[in-house]
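These notes concern the structure reproduced below.
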Amino acid sequence: MLRARRRRRALVILVLTSALIATIVIFVLRALSGPVASESSDDRSATSASATPQAAGGSPTPATTEPAAPDPCDRPEVVAALEGGSDAEIVAAFGGGEPFRAAVATDAAPCIDLHDASRLWVVVNKRNALDPLEYWPTPQARPQDTRIVAGGWLDEPVASALDELSAAVSDAGAGTIAVSSGFRPYDNQVDTYARHVANRGQEGADLRSARPGHSEHQTGLAVDVVACDSGGCGDHDGFGGTPQSDWIAENAWRYGFIVRYEDGHTDTTGYSPEPWHLRFVGHELAAAYAEGGYATLEEFFGLPAASDYG
């Protein structure tokens, strides 16, 4: 009996001792975890504070964004030029040929319409018809110092620029040139295109002649030239590779012209090469065209290819 009592007493003491030890362990663990949690909270606060800049007074500094680029069409000098200036003055107001080109090509110049047939920068191709279709440029003039074998009427500034180009060709010792086609009204283009269709079929005609309403000649800004010598003047097909053609390809831009349909770019222009077909765009744009190494107006102004009528 005595032994049984001793065993019960020992068991009670063991249980009480275990409970006491467990209580002590729990107390110690709580004491240790409290500061860690507090420190973690402080760290998070510090991190948050360092991630958010504080302005004077403790308020967060608002995020800033880059201001939108100003529309060049809103600049006073551009507005004034558009209201009463020449095409050259408008280009100059943009900052010159390259800034003008870049603004148009990136759709940053809504005030510039590439479909306006009265402007030097008009783009006429198989995708962009003239508007109106029977557009007629005025005033017109004929070159005074350049031989004319056919046609000859041009937009007035173009006629003057062609005289300068023609004189420069001769002065450079590259021979002489003559006008073989200039302004061509809508009705004349109807006949011209029909003649090409009769001779080449429509597919062949579309490589050599514009359909009515799609011809640069109707703007008065385009001129076809041929090479001449003491024996007379040649034809279009014989122009490429002549001293006159080579000189013009290299220097036409100095007088405001570009060779509109260059070799190797039919997929963009839709036409076979025409080294005789010069397009006047003005001195500033022609310089930007040459300096940028462009070969088509479509590429110059960031337009899609116009290889077919769409």
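Counting with our numbering, you get residues 7 to 316 for the letters of the sequence shown. Here a beta-carbon is modelled for each residue, glycine too, at the ideal position from N, C-alpha and C. Every value quoted in this text rests on a predicted model; they were computed, and no experiment measured them.
Is C79 helix, strand or coil by DSSP? helix
Pick from Q150, L213, G219, H289: whose alpha carbon is nearest that of Y267? Per the Cα distances, L213.
Three-state class that DSSP yields for S236 in the structure shown: coil
Below 8 angstroms, how does it come out for the segment 136-143 and the segment 222-235: are there three or more Cβ pairs, yes or no? yes
Three-state secondary structure (DSSP) at L139? DSSP places L139 in coil when its eight states are reduced to three.
If you draw a straight line from the C-alpha of E4 to the C-alpha of E89, how long is it? Any question about residue 4 goes unanswered here, given that the chain covers just 7 to 316.
Please return the same chain residues whose Cβ sits closer than 7 angstroms to the Cβ of S215, not counting the five positions on each side in sequence. Only T198, Y199, H202 meet the Cβ criterion.
Touching by the beta-carbon criterion (3+ pairs, under 8 angstroms), the segment 286-303 and the segment 247-266: These segments touch.
Using 8 angstroms as the threshold, is the C-beta distance between A184 and T152 below it? yes
Determine whether the beta carbon atoms of V188 and Q250 lie at a separation below 8 angstroms. The amino acid occupying residue 188 in the given sequence is Gly; Val does not appear at that position. Going by C-beta atoms, G188 is not nearer than 8 angstroms to Q250.
Quick one: using the 10 Å Cβ neighbour count with 16 as the cut-off for buried, is S186 buried or exposed? Around the CB of S186, 16 or more other CB atoms lie within 10 Å, so the residue is classed as buried.
State the beta-bridge partners of D161 as determined by DSSP. Per DSSP, the beta-bridge partners of D161 are Q146.
If you draw a straight line from the C-alpha of E95 to the C-alpha of H283, how long is it? If I take the Cα positions, the gap works out to 26 angstroms.
My guess is that A109 and F100 are in contact by the Cβ rule of under 8 angstroms, so how many angstroms apart are they, rounded? 6 angstroms
Please report the distance separating the alpha-carbon of A167 from that of R148. 11 angstroms
At which residues does the alpha helix (DSSP H) containing E297 begin and terminate? First-last of the alpha helix (DSSP H) with E297: 289-297.
On a CA-only basis, which of V129, A111, T112, E83 is nearest A312? Give me that one, please. V129
To the nearest angstrom, how far is it from the Cα of T302 to the Cα of T274? 8 angstroms
Quick one: Cα of A55 to Cα of P116, how far? Confidence in A55 is poor, its pLDDT being 40 and thus under 50, which makes the residue's placement unreliable; the coordinate value appears in the next sentence. Per the coordinates, the alpha-carbon of A55 lies some 46 angstroms from the alpha-carbon of P116.
If you draw a straight line from the alpha carbon of E297 to that of S92, how long is it in whole angstroms? 23 angstroms
What does a CB cutoff of less than 7 angstroms around Q146 pick up in its chain, not counting 5 residues either side in sequence? W159, L160, D161, E162, F189, G226
Check S221 in the structure and name its three-state DSSP category. coil
How big is the Cα-Cα spacing for A87 and I118? 12 angstroms
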